[in-house]
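With the first letter of the sequence shown counted as 1, position 47 gets the number 48 in my numbering; the numbers rise by one all the way through.
Just so you know, even glycine gets a beta-carbon here, dropped at the ideal spot from N, CA and C.
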Amino acid sequence: MEKSKCFEKELGYLKDNHLKDCASKLIDSLPDYFFEVAASSTGKYHPEYALGEGGLLRHTKAAVRFANELLQDPCIGDKYTDYEKDLMIIALMVHDGLKHGKEKEKYVKFDHPLAIANHILEQGIKMGFSKEDIEFLQKAVSSHMGPWNTNAYSDVVLPVPKTKYENFVHMCDYLASRKCFLLSFNSNNDVVD
2 MEKSKCFEKE LGYLKDNHLK DCASKLIDSL PDYFFEVAAS STGKYHPEYA
52 LGEGGLLRHT KAAVRFANEL LQDPCIGDKY TDYEKDLMII ALMVHDGLKH
102 GKEKEKYVKF DHPLAIANHI LEQGIKMGFS KEDIEFLQKA VSSHMGPWNT
152 NAYSDVVLPV PKTKYENFVH MCDYLASRKC FLLSFNSNND VVD
């Protein structure tokens with residue numbers, strides 16, 4: 002099974018068919034563990050639905066769902082073109098794609114936003130993304146941690162969101178990490194309407 006099948010519903014949010022094809026290839030390039038591990042090993046920073054097997058996938062789907070819902074509101078969505086909306090949703094689909102590194106490491110890699118940004122740079126052109134799309138996606142994923150851009154166990158300082166696109170991606174990731182939002186998932190790990 003293609004990995005992108007796990008995001009069939011979310012890929013359906015994309016309006017541009019070329020971007021949909023590129024996004025499918027990008028998702029298919031993610032390591033297998035992305036679809037299996039929890040979003041958090043401790044549960045400290047993620048809600049219950051993001052814990053356990055498949056938790057990272059459910060966290061990601063929740064972030065994309067928050068994005069899609071927010072973008073349906075004209076007060077928010079009308080600030081972006083359909084193409085920009087598609088790119089932000091793609092960024093959310095892959096923002097934690099290398100959370101444990103290229104090869105699965107035991108612990109979350111603090112610099113995972115930079116790792117996925119580099120992956121997009123390395124793979125993006127052959128997947129069909131334009132140079133402008135790649136730059137947009139890199140900035141959005143590398144800054145998705147927002148103000149939590151330093152860590153006592155790492156010398157890395159992650160970029161903070163600067164544009165409305167980067168802030169939107171961060172906001173959706175942030176919302177998907179809050180314990181106050183209860184989402185239900187079906188057996189396919191899709192958010193239940």
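When the Cα atoms are used, isoleucine 28 and proline 148 turn out to be separated by approximately 26 angstroms.
Distances from the CA of proline 32 to each of Asp156, His113, Asp191 and Thr164 were compared; the closest alpha carbon is that of His113.
Scanning Tyr14, Tyr81, Glu37 and Phe35 for the CA closest to the CA of asparagine 168 turns up Tyr81. As summarised for the stretch 131-185, the continuous alpha helix (DSSP H) elements at least 4 residues long and confined to that stretch are 132-143 and 165-177, given in chain order. A Cβ-Cβ distance of about 6 angstroms is found for the pair aspartate 97 and threonine 61, placing them in contact under the 8 angstroms criterion. Taking a cut-off of 8 angstroms for Cβ pairs, the stretch 55-72 and the stretch 157-166 do not touch, as fewer than three such pairs fall below it. In this chain, the alpha helix (DSSP H) harbouring threonine 61 covers 56-73. The closest CA to that of isoleucine 91, considering only Cys181, Leu12 and Leu183, is found on Leu12.
If you look at valine 193, you'll find it isn't in any alpha helix (DSSP H); DSSP assigns it neither H nor E. By the Cβ neighbour-count rule, glutamine 139 is buried, with 16 or more other Cβ atoms within 10 Å of its own. For leucine 88 and asparagine 190, the gap between their C-alpha atoms comes out near 22 angstroms.
Bounds of the alpha helix (DSSP H) holding aspartate 87 are 83-95.
By the criterion of a C-beta distance shorter than 6 angstroms, serine 185 is surrounded in its chain by Val193, once the five residues flanking it on both sides are discounted. Closest in C-alpha terms to glycine 125, from the list Glu3, Ile77 and Ser30, comes Ser30.
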